[in-house]
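There are 2 protein chains.
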Amino acid sequence: MPAYQAPLRDISFVVNELLESEQLYQTLPGYEEATQDLMDAIIEEAAKFAENVLSPLNQSGDEEGCRWEDGTVTTPAGFAEAYQQYVANGWPALSANVDTGGQGLPNLLSIIVNELAGTANWSWLMYPGLSLGAVKTVEAHGDPEQKDKYLSKLVSGEWTGTMCLTEAQCGSDLGLLRTKAEPQADGTYAIHGTKIFISAGEHDMADNIVHIVLARLPDAPAGTKGISLFIVPKFKVNDAGDIAERNAVHCASIEKKMGIKASATCVLNFDGATGYLIGPPNKGLNCMFTFMNTARIGTAIQGLAHGQLAFEGALSYARERLAMRSLSGPKNPDGPADPIIVHPNVRRMLLTQKAFVEGSRALIYFLAQQGDIVDKGNAEEAQVAEDLMSLLTPIGKAFVTETGYEVANIGVQIYGGHGFIKEWGMEQIVRDARISMLYEGTTGIQALDLLGRKVLGSGGKLLLGFTAMIDELCAAEPAAECTGFIETLRSCKDEWLELSMQIGEAAMQNPEEAGAAAVDYLMYSGYVTLAYFWARMAVLSQRKIDESPDGDVAFYAAKLKTARFYFDRLLPRTLAHKQLILSGADNLMDMPEAMFDL
Amino acid sequence: MPAYQAPLRDISFVVNELLESEQLYQTLPGYEEATQDLMDAIIEEAAKFAENVLSPLNQSGDEEGCRWEDGTVTTPAGFAEAYQQYVANGWPALSANVDTGGQGLPNLLSIIVNELAGTANWSWLMYPGLSLGAVKTVEAHGDPEQKDKYLSKLVSGEWTGTMCLTEAQCGSDLGLLRTKAEPQADGTYAIHGTKIFISAGEHDMADNIVHIVLARLPDAPAGTKGISLFIVPKFKVNDAGDIAERNAVHCASIEKKMGIKASATCVLNFDGATGYLIGPPNKGLNCMFTFMNTARIGTAIQGLAHGQLAFEGALSYARERLAMRSLSGPKNPDGPADPIIVHPNVRRMLLTQKAFVEGSRALIYFLAQQGDIVDKGNAEEAQVAEDLMSLLTPIGKAFVTETGYEVANIGVQIYGGHGFIKEWGMEQIVRDARISMLYEGTTGIQALDLLGRKVLGSGGKLLLGFTAMIDELCAAEPAAECTGFIETLRSCKDEWLELSMQIGEAAMQNPEEAGAAAVDYLMYSGYVTLAYFWARMAVLSQRKIDESPDGDVAFYAAKLKTARFYFDRLLPRTLAHKQLILSGADNLMDMPEAMFDL
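First to last, the protein sequences are chains P and U. For the first sequence, the tail end lands on 598 under the working numbering, and the numbers increase by one without skipping. For the second sequence, the tail end lands on 598 under the working numbering, and the numbers increase by one without skipping.
Okay, structure coming up:
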């Protein structure tokens, strides 16, 4: 497996040049300390940790996997030590609130640290990464005692957290969940039920695990309106905040999976475990929606992370591996053959990887920054940012993971047969990446969220919020080199709006039309969204070249060439998606169920 | 893992109704015995063997893998016994020549048996499947003594064979191979070198293994024109045809792989092993090209096989799994939710699987039948068939495996999180399928073969051979229900020819243009090719309905609806591929190599 080298130049480009983060954070009360110097320093430190500590454990972790024995889970060699180092260095607290022991830095920084750690070793990141849901839930909905007992330990990383949603019979449709919470005389609840797919549900990295559990009260209405949230700690916590007796929640087994094998995916049995109601009864799902966007951006990072690692591996191999001669004459005449990077199809694959990875990075950092504006901006700014997040998060989650999986598969393809062999590390990236289109809402669920809830549900308002940004970019006079990008972007934007209206009209006649169009609409939207970021990066890069002809011209020239590739060779995929959207629902709904296996 | 149920009705439809095999074989001298009754009976027996013997070993084989110890390889439990049963029942000899102990039946039947066996257990099929190359090589190029010694044992399946091509430094570019063959005083050769990725290179299923090895004679020219073929048996064979002393070829290790884990992928060391020259010196690659098409169709089956298994699993799950309500009102009002097959996006995924699988089956069987015409038809028929095979084989190999991988991934997607868990068996299909786009020539290599060697290399002649068939279908008056398919097919065909000419012209100016267009051209060609088969199946199905309104109407109606889905929702992907082809080579070649990681 190629050693991970963090793409610090590109990260800096997006953070400092494209998104002008320092300037933004100067205007957000509480984030003024986030100067470029500070951010760069933190990112560099995180890169070292990722490259030197986490990356070397990626392949061994996959090989070794987790061990379950009598309810305990042993993580692969080195994982717990790496986690201790992570906690000791204060990483978990980076963007947590100062009043719970956090460093109060922008969310963007956490996202970047997660990208770096997750590219080096996604399985490992699942342990600290899942704490976020618990932290956010307790922060937003906990009473003062709950906050006192759990928050500082979660924020410091001494304890980790989980989100216990899924049960065997329900994943996407949480209305079907059956776990019960019986009120006890002392005001606590006895939790009974079995949860599955609980990442980091049991492990040997931290002293306690704080489970946030979805369950039903005895009198709860059926469906999603009868779900409440409970804190169920692995070890109860006494009034002094110390660990007390073991709670009746146990890991019954861990799953054998295609990938992220070093991440323990647990079946958790709650056998009358003591739980503490958090938030109002029966409002559990509403409470969770408040930070669903954050969790989904967290998963979007996975597409970026695996894409980056696959690209690095494929590029180094394409430079070294010799096969055939270039069609336009030998490029390595003294060698027995040319390096495969001379071949147009290999370049096509590498540029596909590069364009998706760099475009996704811009989109995800932009989303993270919007989260910071939601948190610290004034009401008006926050509303604009929240609307952008609402629209773009399902796109980020589904489009970045779908294309990330394509990029991971290209990594294997460039290695040829060697890509299929474990030793080279490329196949692991594909296996690890495959989950990203499934958890935190499948691509299909994200697509319904985007089209149904966000675009049509807002009567087009959320979409117009983003297309206004596109209009703004298009209105600024670009350099002559970039007018082609801008013109194409403008007509894509017009077509996107037109298509959205057409689907809306069709869905009014037949509600199946939205479901029939949703995934192609999401992919279409993703390509246009990335076109916006690529156009913006191109305009900026051209300006940098024009302003400083002696500057980092090669970097900006590479951006312009990659932008061109994106517009020439990836964006045209919208042609097919548009046609599929317009083909309507009948070609899906006409087939009687019994005919599917005829 | 869902138990495999062989799609006998669809197989019969393609063999008997679409391709009218009995009628054809009556006209091919030597194949007259291949009546519908006989073929159906053989296929049914093979289906039972696949369902009852091989399918139960698929998941356990993956879990167990192969064991290497001191040069020997132990296959998973049950594999060797299944192979003995396969040999005892005469399956390996099905379509081998009668004069070497074969049953002399059409190649089509072997292809179908391989599909059935391979769908049930692809890893297992790799052991007998790889013998084919050795048989064909000895048949075509062996001297009488070599034929006597090796052929009947290979044909009966008592021994197996391998093709030893790849070395660590060369896969696609065999010109770089280094294995040496030193002439000995007794007329044999001492083979020195190391081969990798040798499937079934060592195992415990048969008494002897006949390796066909590519190596260089001392005075051989460099590159592909200096490669000769050698027979290197694991155990030497004495003049009586019996096994004698062990030869100096040993398995140094087996690979740890992403999938097909029950197939032993061997590193073979030849330490002065005794080899026997087969065919003329330095003409080894030419000799191999004679049956390259057969080997590639063999790999194309893998896309079909994994697709079928993923479709069966996904369909049964989609009917059972309950989640959400249909957007147009409950379809399972007495249950807690509707089965997910009611949701348009799930139907879209299932129909994508169905349309690719059934379309691919038609294409592959058609190709197999062309092979039979090449073997037994008169000179004129054989030439037409050979031209069709030349054109369509790289499409079959690359397009069917690429779309087969998509279909396998859809299987995982429909299972949601459960798709990622080993227990359900869906993720294994993805892992097993991933190799199919790599071995026997990657998709990129197939694309260069199609566009460079076949389409442009024949000056368009091979393409016109196939479009003449399309014209023929379009010229026949279709039923009103099918005119839409025919019109669309006709315009696709026109566009395909036009695009081919455009690429040809561009490539005359700049040879990189062909390489830049090749993969999109191959995928474009694949979609049009499948459109031909879907239109043909639709026309036939409508005719069957019109002729026998009391017949198997539901089956034919399902075909028509699937055809409509194909034309509405898969064929439009050509819109994107066309645009990408036309975007030219500059967007790939302009990027200096040093800029890729900027």
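All C-beta atoms, glycine included, are put in the ideal place defined by N, C-alpha and C. Quantities reported herein were computed from a predicted structural model and do not represent experimental measurements.
- Under DSSP, Glu167 of chain U forms a beta bridge with U:Cys170.
- Within chain P, no C-beta atom comes nearer than 8 Å to that of Ile11 of chain U; the closest sits roughly 13 Å away.
- Excluding residues up to 5 positions away in sequence, Glu202, His250, Cys251, Ala252 lie with their Cβ nearer than 8 Å to the Cβ of Gly71 of chain U in the same chain.
- In the structure shown, the three-state DSSP call for Leu229 of chain P is strand.
- Between Met589 of chain U and Glu512 of chain U the beta-carbon gap is near 5 Å, inside 8 Å, which marks them as a contact.
- For Ala50 of chain U, not one C-beta of chain P is nearer than 8 Å to its own C-beta.
- Taking 8 Å as the cut-off, the beta carbon of Leu473 of chain U is found no closer than this to the beta carbon of Ile581 of chain U.
- Checking the DSSP bridge columns, you'll see Tyr189 of chain P partnered with P:Pro183, P:Gly275.
- Proximity of chain P to Tyr439 of chain U at the Cβ level (cut-off 9 Å) is accounted for by Gly416, Gly417, Phe420, in chain order.
- Arg216 of chain P sits in a strand when the DSSP states are folded into three classes.
- For Lys236 of chain U, the enclosing beta strand (DSSP E) starts and ends at 235-237.
- Under a 10 Å Cβ-count criterion, Phe197 of chain U is classified as buried, with 16 or more other Cβ atoms of the shown protein chains found around its own Cβ.
- Selection U:Arg490, U:Ala181, U:Thr100 evaluated against Lys153 of chain U yields U:Thr100 as nearest (Cα-Cα).
- Note that the C-beta distance between Ile410 of chain U and Ala314 of chain U is below 8 Å.
- Taking 8 Å as the CB threshold, Met589 of chain P lines the interface with chain U.
- Under the 8 Å criterion on CB atoms, Gly515 of chain P is classed as interfacial with respect to chain U.
- Secondary structure at Arg569 of chain P: helix, using DSSP grouped into helix, strand and coil.
- At least 8 Å separates the beta-carbon of His192 of chain U from that of Ile278 of chain U.
- Rounded to the nearest angstrom, the gap between the Cα atoms of Leu285 of chain P and Thr224 of chain P is 7 Å.
- For Thr488 of chain U, no CB of chain P lies under 8 Å from its own CB, so it is not counted at the interface with that chain.
- Residue-level contact by beta carbon fails for Ser541 of chain U and chain P, as no gap is shorter than 8 Å.
- In its chain, beyond the 5 residues on either side, Thr188, Asn247 have a beta carbon closer than 6 Å to the beta carbon of Thr274 of chain U.
- Shown here, Pro7 of chain U sits in coil according to DSSP, grouped into three states, outside any helix or strand.
- Around the CB of Asn332 of chain P, fewer than 16 other CB atoms lie within 10 Å, so the residue is classed as exposed.
- Taking CB atoms only, Asp334 of chain P has no neighbour in chain U less than 8 Å away.
- The C-beta of Pro572 of chain U comes closer than 8 Å to at least one C-beta of chain P.
- In chain order, Gly359, Ala362, Leu363 place their CB closer than 6 Å to the CB of Phe533 of chain P, counting only its own chain and leaving out the 5 sequence neighbours on each side.
- When DSSP assignments are scanned along the segment 87-143 of chain P, the uninterrupted stretches of alpha helix (DSSP H) that are 4 or more residues long and fall wholly within it turn out to be 107-120, 122-129, 131-141.
- By the Cβ criterion, the segment 366-374 of chain P is not in contact with the segment 439-451 of chain P, since fewer than three pairs of Cβ atoms, one from each stretch, lie closer than 8 Å.
- Here Thr483 of chain U is exposed: its Cβ has fewer than 16 other Cβ atoms, across all protein chains shown, within 10 Å.
- The straight-line gap separating the alpha-carbon atoms of Gly504 of chain P and Ala447 of chain P is approximately 14 Å.
- According to DSSP, Leu268 of chain P shares a beta bridge with P:Lys195, P:Cys251.
- If you check the CB distance, Leu130 of chain U and Thr162 of chain U come in under 8 Å.
- If you check the CB distance, Leu105 of chain P and Ala46 of chain P do not come in under 8 Å.
- Not flagged as an interface residue toward chain P: Asn89 of chain U, since no C-beta distance is shorter than 8 Å.
- DSSP places Ala535 of chain U inside the alpha helix (DSSP H), whose first and last residues are 512-547.
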